[in-house]
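Each residue of the sequence shown is one higher than the last, beginning at 1 in full-length UniProt numbering.
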Amino acid sequence: MDWGDAPGAAQSGFAGTYPTLSADNGARHNLVPNGLHLGATVDADLDGQPNATATGDGADEDGVTMPAALVINTSQSITVNSSGTGFLYGWFDWNRDGDWADAGEFVYLGTGLTAGNNVLTLNVPAGASLGLSYARFRVTDTNQGSSASAVGLAPGVGEVEDYQVNIVNTQFNIDNPSVVEGNAGTTNLVFTISRTNNSTACSVNYAITGVTATTADLDYQVFAGGTASFTQGELYPKQSLWSSMET
1 MDWGDAPGAA QSGFAGTYPT LSADNGARHN LVPNGLHLGA TVDADLDGQP NATATGDGAD
61 EDGVTMPAAL VINTSQSITV NSSGTGFLYG WFDWNRDGDW ADAGEFVYLG TGLTAGNNVL
121 TLNVPAGASL GLSYARFRVT DTNQGSSASA VGLAPGVGEV EDYQVNIVNT QFNIDNPSVV
181 EGNAGTTNLV FTISRTNNST ACSVNYAITG VTATTADLDY QVFAGGTASF TQGELYPKQS
241 LWSSMET
């Protein structure tokens, strides 16, 4: 039988204990040779293996690939590798209280999987609590829909995998430049948007407002706003953001 490894309260520092051990009706799945599972491997356990990093179950936690950080109020992609056709159930402890029982924490309610990699969208709530938290994924060959649970024995054959996740915030900053206009021609006013966290790709909309000229007869044209896109690892956008000013 396969069990999870999400931590207890003493290990996580949260108010609650995740249902991992048999004493807490921990999540568990029946295993059969060549049965449905996540990732390349699955192993049998006598009981749950909770620890602070949700890695107590060994090397079989290989079915779900997520960004290094989950940025609040963004949509990100995760990849779920399945050995065959099945149904995925997933929970995220967005408020970091040691359970997956709060509104909005049951994220994947029987999402259909095919053999191989499945790319899914994850919407991280704006109100998620910042810091380390935990997610649980269960795959089964039986469609339970919204009645699936993060605890107990799942019907059919499948696997449970628990993961530690890092919930972060990204602050965007924009400078406030000025420019001295020449006598003729065009002068570009260049400004830069930066961000405080570069762990994942994201984008932000911008608008150019409040442009003023100190000379009454100055003609200037302000371009409309747009979107600044950041790749993973990038603190500054690739494109220059600018308005055109001319006499």
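Glycine is no exception: its CB is placed at the ideal position from the N, C-alpha and C atoms.
(message) Taking 8 Å as the cut-off, does the segment 40 to 60 touch the segment 17 to 29 (at least 3 CB pairs, one atom from each stretch)?
(response) Touching, per the Cβ criterion.
(message) So for Ala9, helix, strand or coil by DSSP?
(response) To locate residue 9, count along the sequence shown from 1; it is residue 9. If DSSP states are grouped into helix, strand and coil, Ala9 belongs with the helices.
(message) Assuming Leu38 and Val139 are in contact, meaning their beta carbons sit under 8 Å apart, how far apart are those beta carbons, in whole angstroms?
(response) Residue mapping note: residue 38 aligns to position 38 of the sequence shown, counting from 1. Residue mapping note: residue 139 aligns to position 139 of the sequence shown, counting from 1. Yes, they are in contact, since the Cβ atoms of Leu38 and Val139 sit about 5 Å apart, within 8 Å.
(request) Please determine, among Asn169, Ser229, Gly58 and Ala135, the residue with the shortest C-alpha to C-alpha distance to Gly98. (result) The residue given as residue 98 occupies position 98 in the sequence shown. For the residues Asn169, Ser229, Gly58 and Ala135, the minimum Cα distance to Gly98 belongs to Ala135.
(request) Would you tell me roughly how many angstroms separate the C-alpha atoms of Thr142 and Thr85, rounded to the nearest one? (result) By one-based count along the sequence shown, residue 142 stands at place 142. By one-based count along the sequence shown, residue 85 stands at place 85. When rounded, the distance between both Cα atoms is 10 Å.
(request) Would you mind giving the Cβ-Cβ distance between Thr55 and Asp5, rounded to the nearest angstrom? I have them listed as a contact below 8 Å. (result) As a working note, residue 55 is residue 55 in the sequence shown. As a working note, residue 5 is residue 5 in the sequence shown. Contact between Thr55 and Asp5 holds: CB atoms are separated by about 7 Å, below the 8 Å threshold.
(request) Since I believe Gln76 is in contact with Leu109 (beta carbons under 8 Å), could you give me their beta-carbon distance rounded to a whole number of angstroms? (result) For the purposes of this step, residue 109 is identified with residue 109 of the sequence shown, where counting begins at 1. For the purposes of this step, residue 76 is identified with residue 76 of the sequence shown, where counting begins at 1. The pair is not a contact, with the Cβ atoms about 19 Å apart (cut-off 8 Å).
(message) If you reduce the DSSP assignment to three classes, tell me which class Asp45 lands in.
(response) One-based indexing of the sequence shown puts residue 45 at position 45. Secondary structure at Asp45: coil, using DSSP grouped into helix, strand and coil.
(message) Quick check on the burial criterion: 16 or more other C-beta atoms within 10 angstroms. Buried or exposed for Asp60?
(response) Along the sequence shown, one-based indexing puts residue 60 at 60. Classification for Asp60: buried.
(request) Decide yes or no for the touch test of the segment 123 to 132 against the segment 64 to 72: beta carbon pairs closer than 8 Å, at least 3 of them. (result) The answer is yes - the segment 64 to 72 touches the segment 123 to 132, with three or more Cβ pairs under 8 Å.
(request) Quick one: grab the DSSP three-state call for Gly158. (result) Along the sequence shown, read from residue 1 onward, the residue named residue 158 stands at position 158. Three-state result, Gly158: strand.
(request) Specify the secondary structure class of Gly84 as computed by DSSP and reduced to three states. (result) On the sequence shown, position 84 is the one that residue 84 refers to. In the three-state DSSP reduction, Gly84 falls in the coil class, being neither helix nor strand.
(request) Give the secondary structure of Gly127 by DSSP, where H, G and I count as helix, E and B as strand, and everything else as coil. (result) By 1-based counting over the sequence shown, the position of residue 127 is 127. DSSP places Gly127 outside both helix and strand once states are collapsed to three, so it counts as coil.
(message) Using only CA atoms, which one of Gly156, Asn176 and Ser203 lies nearest to Thr209?
(response) The residue you call residue 209 lines up with position 209 of the sequence shown. Ranking the options by Cα distance to Thr209, first place goes to Asn176.
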